[in-house]
Amino acid sequence: MQRISIDPVTRLEGHGKIDIFLDDEGNFANSYFQIPELRGFERFCVGRQVEEVPILTNRICGVCPEAHHMAGAKAVDAVYHVDPPRTAKMLRELLYMAFYCTDHTTHFYALAGPDYVMGPTAPVAERNILGVIHKVGLEIGGKVIQMRKYGHEVIEMIGGRKVHPCTSIPGGLTKGITEEQRQEIEKMGHWAVEFAQFSLQLLNEIVLGNKEYVDLILGDIYTHRTHYIGMVDENNKVNFYDGKVSVVDPEGTRLGKYAPNEYTDWIAERVEPWTYLKFPYLKKVGWKGFVDGKESGVYMATPLSRLNAADGMATPLAQAEYERFYSTLGGKPVHQRLAINWARLVELLYAAERWVELATDPEITSDNFRTIPTEKPTEGVGIVEAPRGTLTHHYTTDERGITTKVNLIVGTTNNYASLQMSTKKAAQNLIKKGTEVTEGILNMVEMAFRAYDPCFGCATHSLPGQMPLEVTIHDANGDPIQVLKQYC
Amino acid sequence: MSANGKPKFAMYWAASCGGCEIAVLNIHEKILDVDANFEVVFWPVAMDAKYKDVEAMEDGSILLTLFNGAIRNDENEHIAKLLRRKSKLLVAFGSCANEGCMPALANLTSVKEILDTYYTTVSTDNPDNIRPQPYFKVPEGELHIPTLFPVVRTLDQVVPVDYYMPGCPPESHQIAAVIDLVIQVVEGKAQLPPSGSVIGAGGSTVCDECKRKRDVKKIKKFERIQNVILDPDICILEQGVLCSGPATRSGCTALCPSAGSPCIGCYGPAEGALDYGARLMSAVASVVDSNDPEEIEKIFEGIPDPAGQFYRFNLAGSLLRASKYGWNG
Chain A
11 MQRISIDPVT
21 RLEGHGKIDI
31 FLDDEGNFAN
41 SYFQIPELRG
51 FERFCVGRQV
61 EEVPILTNRI
71 CGVCPEAHHM
81 AGAKAVDAVY
91 HVDPPRTAKM
101 LRELLYMAFY
111 CTDHTTHFYA
121 LAGPDYVMGP
131 TAPVAERNIL
141 GVIHKVGLEI
151 GGKVIQMRKY
161 GHEVIEMIGG
171 RKVHPCTSIP
181 GGLTKGITEE
191 QRQEIEKMGH
201 WAVEFAQFSL
211 QLLNEIVLGN
221 KEYVDLILGD
231 IYTHRTHYIG
241 MVDENNKVNF
251 YDGKVSVVDP
261 EGTRLGKYAP
271 NEYTDWIAER
281 VEPWTYLKFP
291 YLKKVGWKGF
301 VDGKESGVYM
311 ATPLSRLNAA
321 DGMATPLAQA
331 EYERFYSTLG
341 GKPVHQRLAI
351 NWARLVELLY
361 AAERWVELAT
371 DPEITSDNFR
381 TIPTEKPTEG
391 VGIVEAPRGT
401 LTHHYTTDER
411 GITTKVNLIV
421 GTTNNYASLQ
431 MSTKKAAQNL
441 IKKGTEVTEG
451 ILNMVEMAFR
461 AYDPCFGCAT
471 HSLPGQMPLE
481 VTIHDANGDP
491 IQVLKQYC
Chain B
57 MSANGKPKFA
67 MYWAASCGGC
77 EIAVLNIHEK
87 ILDVDANFEV
97 VFWPVAMDAK
107 YKDVEAMEDG
117 SILLTLFNGA
127 IRNDENEHIA
137 KLLRRKSKLL
147 VAFGSCANEG
157 CMPALANLTS
167 VKEILDTYYT
177 TVSTDNPDNI
187 RPQPYFKVPE
197 GELHIPTLFP
207 VVRTLDQVVP
217 VDYYMPGCPP
227 ESHQIAAVID
237 LVIQVVEGKA
247 QLPPSGSVIG
257 AGGSTVCDEC
267 KRKRDVKKIK
277 KFERIQNVIL
287 DPDICILEQG
297 VLCSGPATRS
307 GCTALCPSAG
317 SPCIGCYGPA
327 EGALDYGARL
337 MSAVASVVDS
347 NDPEEIEKIF
357 EGIPDPAGQF
367 YRFNLAGSLL
377 RASKYGWNG
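Those protein sequences? They're chains A and B, same order as listed.
Heads up: the first sequence is residues 11 to 498, going by our numbering.
Heads up: the second sequence is residues 57 to 385, going by our numbering.
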């Protein structure tokens, strides 16, 4: 048995590592995607004042603390059985839309973009954000920086800080916004809509206009027919902040929708002894192992999943893009994982449009952004859509509002089984007896998980975003026979 | 100095959340100054070097390393020692590296309890009561994952540190100022501060930066923030909501109190504070309006989680460091 270890040194919530085993003939035998770290928030958030947990859990991820802050805020509202005023909900959602624009932009330009703009097997030195900027021009780099800046400005205005927001508390927010701030936010929102449209146009020209890429996207190697989940509003349109979680099967049939407090009826998590991270699956379908299909409880929660699980987008420009997305890719649901990148830009446009909608609502500057809880705290679940998947926070407290139990199902975790399958399928297809495992092949394996924008790739979520990988091929005795590096 | 004459720069994350990296990126265009003045030789988030390349470097050849993240497992410790050897100036960057940050609240419990909790939550389907194993045999061979240390440690509990840059995360304007300073030092236009200094922060407390008015008012009751409407112009602590400002180092411009939220202490102990929690407790005790032990006890029932409130960021860096549950594994 030969072993290929893909050991990335970048990390988020730990380091990711892939071990690929080949039989003595050199054919693919199996692969394992391991997450080798655990910080234990579920334990040390117990015993705390529950209103602090949305601040503590920010520190799960400094790239998407806004998602944890929002899921936590909704969970503490539920713990205190308090419904925040409309203005508070709108302000939280507005902050969240600005965050989505920042986050999706970073992924598209710095992570996924280089594979398409430069090409999947382009030289390593060029296949990064700097290569992209050199190719498409400094002006676009400037726009990407501007989008990140605007997003963080809004996050700070409403959330109090650019990283790790602090203003959401049970019943609403600690502060509102002024009319002056609102005008500024609205102006930035209009700019964000234009930026999102520009990004979709860029995708059209560079990716969809290139037959080679279209074939790659539509090919079987990056395709899995799984279930999909994503939050929807009362009209079954995609929503990031509030609603019910829609579950569809691989044929696109909706199996149901669950409210936050029903999540344990739908989702269960499996433990494997070779990795710290758990594998969530659809409880009603059941765990059948790492396999595709209608009978397997494996699901995905990503931008593509949200589009598949919904009936459309709630804003006009994004809806038009949604329709174009499915008509181009042959109808719903779309199973090709690389299409997640396109779905992400449809969502970017929705987030920007929603940003403007919220910023122009007459009640957004109202002083009515708090409701003081009157009931005893008990238990509550909050769900939002994190950019990387459905995020569930579940807190239980004693009567003083001290946490006795905390359960978290984090965005990327939803996709762990799916990621394990995607990397396995890519390796299986690309590495066969007699194959010379080139750097280009490694990148093609990497593309299998990069489309998910996984959170251990929150690491790679910033600048050039190429995971440094080293692949060592061992012979049956464990002696290294070939070492390959990329970005190393 | 490298071949191109530029000093070398590195940044690394150990047990952390990635927020320090985002804070560095949030200096926006200024990041180009880093690129113009330094050769970035190791920065997993932003460029493509690996451990082996660092190992191959000469000892002391990196001028400046910003190290964020706490020491939670053996890999964190290994890289901390490696980067110490290779770096002239090693900066503990951000709360995790300085004092453990919130993940060090895990030091109040044991690794066993952390694992037991995570693998038995309400949504976990684990009938065989499985715990992941550092070494596990699968049909094709053996798989390995690191082992967690019993307690979270700060960077300077593992290797000597030259400078301390606090914050969760450090504020971007402070990062920009430190980068400017180092560039001036390289150009011979400025001197480095004495070794062991805190950089990128102020020398006083968050209260000194806070615009809220203090009246030296005493309180009879502690309130939870969700139960009160705070006056935006008056000291939060004097309105009965626990605020960490009096014990916390200045440098953030009192961001949280300005947003109607109490200081949570992310900039760490104020200058001269031997133990953060002790300093904060004494500041809080001084606003309590009672001399009657029974009444005082009742007032302090308003702070039901003192460990979490007084050592929210600082447990690993405190005199306590961990509870007996932590030390006993």
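Every residue gets a Cβ at the ideal spot worked out from N, C-alpha and C, and that includes glycine.
These numbers come from a predicted model, not from an experiment.
Should residue i go down as buried or exposed, given a rule of 16 or more other Cβ atoms within 10 Å for buried?
i                 : result
asparagine 185(B) : exposed
aspartate 125(A)  : buried
glutamine 12(A)   : buried
aspartate 113(A)  : buried
threonine 445(A)  : exposed
tyrosine 220(B)   : buried
tyrosine 191(B)   : exposed
tryptophan 21(B)  : The structure shown does not extend to residue 21(B), since chain B spans only 57 to 385, so no value can be given for it.
aspartate 271(B)  : exposed
glycine 74(B)     : buried
valine 344(A)     : buried
aspartate 264(B)  : exposed
arginine 187(B)   : exposed
valine 391(A)     : buried
glutamate 149(A)  : exposed
asparagine 245(A) : exposed
Give a yes or no on whether the C-beta atoms belonging to residue i and residue j are separated by under 8 angstroms.
i                 : j                    : result
leucine 210(A)    : leucine 317(A)       : no
threonine 165(B)  : arginine 53(A)       : yes
serine 143(B)     : alanine 66(B)        : yes
cysteine 299(B)   : isoleucine 292(B)    : yes
tyrosine 405(A)   : valine 63(A)         : yes
alanine 461(A)    : leucine 359(A)       : no
glutamine 346(A)  : aspartate 361(B)     : no
leucine 104(A)    : alanine 369(A)       : yes
asparagine 132(B) : phenylalanine 149(B) : no
proline 222(B)    : glycine 328(B)       : no
leucine 371(B)    : alanine 160(B)       : yes
histidine 403(A)  : valine 308(A)        : no
tryptophan 352(A) : methionine 107(A)    : no
Which whole-angstrom value describes the C-beta separation of residue i and residue j, a residue pair presumed to lie in contact below a C-beta threshold of 8 angstroms?
i                 : j                    : result
glycine 240(A)    : serine 315(A)        : 5 angstroms
isoleucine 393(A) : lysine 84(A)         : 7 angstroms
isoleucine 135(B) : serine 228(B)        : 25 angstroms between Cβ atoms; not a contact.
glycine 57(A)     : threonine 413(A)     : 7 angstroms
glycine 324(B)    : threonine 304(B)     : 7 angstroms
proline 313(B)    : arginine 268(B)      : 6 angstroms
lysine 293(A)     : alanine 278(A)       : 4 angstroms
leucine 336(B)    : phenylalanine 356(B) : Not really, about 13 angstroms apart at Cβ, beyond 8 angstroms.
When you measure from the CB of residue i to every non-hydrogen atom of the ligand GTP, does any distance come out below 7 angstroms?
i             : result
serine 428(A) : The ligand content of the structure shown is nil, which means the ligand GTP is not present either.
Considering only the alpha carbon of each residue, which of the options lies closest to residue i?
i                   : options                                    : result
cysteine 322(B)     : Ala310(B), Val97(B), Asn283(B)             : Ala310(B)
tyrosine 110(A)     : Ile382(A), Pro326(A), Ala427(A), Thr312(A) : Thr312(A)
histidine 162(A)    : Met80(A), Val73(A), Ile150(A), Glu189(A)   : Val73(A)
glycine 341(A)      : Gly262(A), Ala427(A), Asn68(A)             : Gly262(A)
alanine 330(A)      : Gln207(A), Trp365(A), Trp276(A)            : Gln207(A)
phenylalanine 43(A) : Tyr106(A), Thr285(A), Met454(A)            : Thr285(A)
alanine 202(A)      : Leu327(A), Val173(A), Gly266(A), Thr177(A) : Leu327(A)
aspartate 302(A)    : Arg364(A), Ser428(A), Ile187(A), Thr188(A) : Ser428(A)
valine 89(B)        : Ser306(B), Val234(B), Gly223(B), Leu146(B) : According to the sequence shown, residue 89(B) is aspartate rather than valine. Selected option, being the one with the closest Cα: Val234(B).
glutamate 294(B)    : Gly61(B), Phe278(B), Asn283(B)             : Phe278(B)
cysteine 273(B)     : Val297(B), Gly259(B), Gly256(B)            : According to the sequence provided, residue 273(B) is lysine. The question's cysteine does not apply to it. Among Val297(B), Gly259(B), Gly256(B), the Cα nearest to that of lysine 273(B) is on Val297(B).
valine 340(B)       : Val241(B), Ile275(B), Ile127(B)            : Ile275(B)
glutamate 385(A)    : Ala361(A), Gly181(A), Gly299(A)            : Gly181(A)
valine 164(A)       : Arg192(A), Ser178(A), Leu148(A)            : Arg192(A)
isoleucine 350(A)   : Gly123(A), Asp259(A), Asn271(A)            : Gly123(A)
valine 214(B)       : Asp331(B), Ser253(B), Asp130(B)            : Asp130(B)
leucine 119(B)      : Pro318(B), Arg280(B), Asp218(B), Thr177(B) : Asp218(B)
methionine 128(A)   : Glu190(A), Leu213(A), Glu61(A)             : Leu213(A)
With 8 angstroms as the threshold, decide whether the Cβ of residue i is near any Cβ in chain C.
i                : result
threonine 165(B) : The chain labelled as chain C is not found among the protein chains of the depicted structure, namely A and B.
(message) For the pair the segment 162 to 171 of chain A and the segment 118 to 131 of chain A, tell me if three or more CB-CB distances fall below 8 angstroms.
(response) no
(message) Using 8 angstroms as the cut-off, can you tell me whether the segment 181 to 201 of chain B makes contact with the segment 339 to 349 of chain B, which would need three or more C-beta pairs spanning the two stretches below that distance?
(response) no
(message) For the structure I just gave you, are there three or more beta carbon pairs, one from the segment 425 to 441 of chain A and one from the segment 86 to 94 of chain A, closer than 8 angstroms?
(response) no
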